[in-house]
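For reference, each letter of the sequence shown is one residue, going 0 to 404 in numbering that gives the first Met the number 0.
Contents: one structure, followed by commentary.
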Amino acid sequence: MKELSLDKFEEAYEVVGEVVSETKLIYSDYFSAQTDNKVYLKPENMQLTGAYKLRGAYYKISTLSEDEREKGLITASAGNHAQGVAYAAKCYGVKAVIVMPTTTPLIKVNRTKSYGAEVILHGDVYDEACAYAYQLADEKGYTFVHPFDDLDVATGQGTIAMEIIKELPLVDYILVPIGGGGLAAGVSALAKLLNPKIKVIGVEPAGANCMQESIRMGKVTTLDQVSTIADGTAVKTPGTDIFPYVSRNLDDIVTVEDEELVVAFLDMVENHKMIVENSGLLTVAALKHLNVRNKKIVSILSGGNMDVITMSSVVQQGLVMRDRIFTVSVLLPDKPGELTRVSGVIAEQSGNVIKLEHNQFVSINRNAAVELRITLEAYGTEHKNQIIEALNENGYRPKVVRASI
């Protein structure tokens, strides 16, 4: 029976070194100041395929026999494992078939195809895509490479811990995102083998906390549904083979809401000039949930494959959530000069008007009132409140409404 052993981790470290970059830790002044800890980022979003998944896929394929490889490889993935298998298959010169959920971001689909893999879109979530991939494996004789419930894959992913501890031997906490659990199993197992004092904290989306529920129940548990913008970790059922390692070696599991990921995206772009996908931001959002001070903490940024449309939506929502964009509704008489007067009040407070919506039909008596919806850019909550107060002082009685960018 296979085990997550130190010998295997050392072997995997040598093997994956053929294709992965040793992503150096980045010290974060911003997140350190925010949390009163020493926070380091492990930027696996900078890997060749944009995510850590290449480690597990390449190591797993290296352990297969020639016959298993020549049959062709198949897997199911929300995107990052897909690219890892596709690239590894290309390195070995064998066929790869990838089944991806229909909701997979376009950038992940196109990049997977760019490595020469055949892509099949099936199902709304990973679990449905996985079931179809198993069906095709039976029908066509392909060798299945599981994205997380495989000890060889988990061993390859765990090489991240080797790099972290090599670079930061006195690390206190390692935060690791959890989807199906392969990364968490590998990282936590190796971290405990190398230094049992290291705390390893798993992080899941609140809307897809299958591992947290499984540990609470003491057995692998399937969620009724998942709902999260962190598509790479939208998994209903964690891995059965890796579950014992996760439950044994994780010190805790933290869950974060989607709204926290939106804020974390803005923080990462503005302070580190890096694009990190929502699943990769789980460990950044979790920093504020740790009740610790003066600790050396590493947040694993698991991937950076984010399509432009999603990116645009996240940025807009983040600006709204931080009161840097907001919309107010004011009523004013429908007569010349009123719009100029309102604009003057806003300009005096250094507010920047993004959009105006003028509704003459809000009242039967247009002379009494028409509605003006003003979408503004501000520096933050304090500045927003300053603008609203100025409008109040000038008799406009502004009402904050849902921002529409």
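For glycine and all other residues, C-beta sits at the position ideal for the given N, C-alpha and C.
Sequence-distant residues of the same chain with beta carbon closer than 7 Å to residue i, five excluded per side
i	result
Met0	Its pLDDT being 48, under 50, Met0 is placed unreliably in this model, and the value from its coordinates should be taken loosely. Correct list: empty, nothing qualifies.
Thr102	Asp123 and Asp230
Leu386	It is worth fixing the name first, because residue 386 is Ile in this sequence and not Leu. Closer than 7 Å at the Cβ level, and outside the excluded window around Ile386, lie Ile345, Gln348, Gly350, Leu375 and Ala377.
Glu357	Note on identity: in this sequence residue 357 is His, with Glu being the wrong assignment. Val369 and Leu371, listed in sequence order.
Close-in-space but distant-in-sequence residues of the same chain around residue i (CB under 6 Å, 5 per side omitted)
i	result
Ala95	Leu72, Val84, Ala85, Ala88 and Ala116
Phe242	Val219
Thr111	Ala81, Gln82, Ala85, Ile97 and Val118
Exposure of residue i, with buried meaning 16 or more beta-carbon neighbours within 10 Å
i	result
Ser113	exposed
Gly343	exposed
Lys37	buried
Val307	exposed
Lys165	exposed
Thr339	exposed
Lys334	exposed
Asp266	buried
Ala132	buried
Ala75	buried
Asp151	buried
Tyr39	buried
Thr239	exposed
Leu355	exposed
Spatial distance of residue i from residue j (CA atoms)
i	j	result
Ala389	His288	37 Å
Val144	Glu370	59 Å
Ala56	His80	7 Å
Cys438	Glu381	The structure shown does not extend to residue 438, since the chain spans only 0 to 404, so no value can be given for it.
Val283	Leu47	22 Å
Asp322	Asp6	52 Å
Ala420	Ile345	What the structure shows of the chain is the stretch from 0 to 404, and residue 420 is not part of that stretch, so it cannot be assessed.
Met216	Val245	14 Å
Gly185	Ala153	5 Å
Glu43	Leu105	20 Å
Asn248	Leu24	23 Å
Gln224	Ala233	9 Å
Leu167	Phe30	17 Å
Ala409	Ala188	Residue coverage of the chain in this structure runs from 0 to 404, which leaves residue 409 outside it and unanswerable.
Glu2	Lys383	56 Å
Thr62	Lys139	21 Å
Ile299	Ser311	23 Å
Glu259	Asp137	41 Å
Gly181	Gly303	18 Å
Sequence-distant residues of its chain with Cβ nearer than 8 Å to residue i (five each side left out)
i	result
Leu135	Ile73, Val96, Val98, Ile119 and Tyr141
8 Å contact criterion, which residue i and residue j should meet: CB distance rounded
i	j	result
Val170	Lys295	5 Å
Asp149	Lys235	Not quite, the Cβ-Cβ distance comes to about 18 Å (not below 8 Å), so this is no contact.
Thr227	Asp257	6 Å
Val261	Val313	5 Å
Pro100	Glu127	7 Å
Short CB-CB distance (under 8 Å) between residue i and chain B
i	result
Glu43	The chain inventory of the structure shown lacks chain B, comprising one protein chain alone.
Practice prompt. Decide if the region 189 to 199 is in contact with the region 49 to 68; the criterion is three or more beta carbon pairs, one per stretch, under 8 Å apart.
Written response: Between the region 189 to 199 and the region 49 to 68, the count of Cβ pairs shorter than 8 Å is below three; the stretches do not touch.
Discussion item. Below 8 Å, how does it come out for the region 374 to 384 and the region 346 to 358: are there three or more Cβ pairs, yes or no?
Written reply: Touching, yes.
Worksheet item: Does the region 324 to 336 come close enough to the region 394 to 401 to have 3 or more Cβ pairs within less than 8 Å?
Response: By the Cβ criterion, the region 324 to 336 is in contact with the region 394 to 401, since at least three pairs of Cβ atoms, one from each stretch, lie closer than 8 Å.
Worksheet item: Between the region 145 to 161 and the region 4 to 21, are three or more C-beta pairs nearer than 8 Å?
Response: Touching, per the Cβ criterion.
Practice prompt. Evaluate contact between the region 196 to 212 and the region 171 to 186, counting only Cβ atoms and requiring at least three cross-stretch pairs below 8 Å.
Written response: Verdict: yes, contact present.
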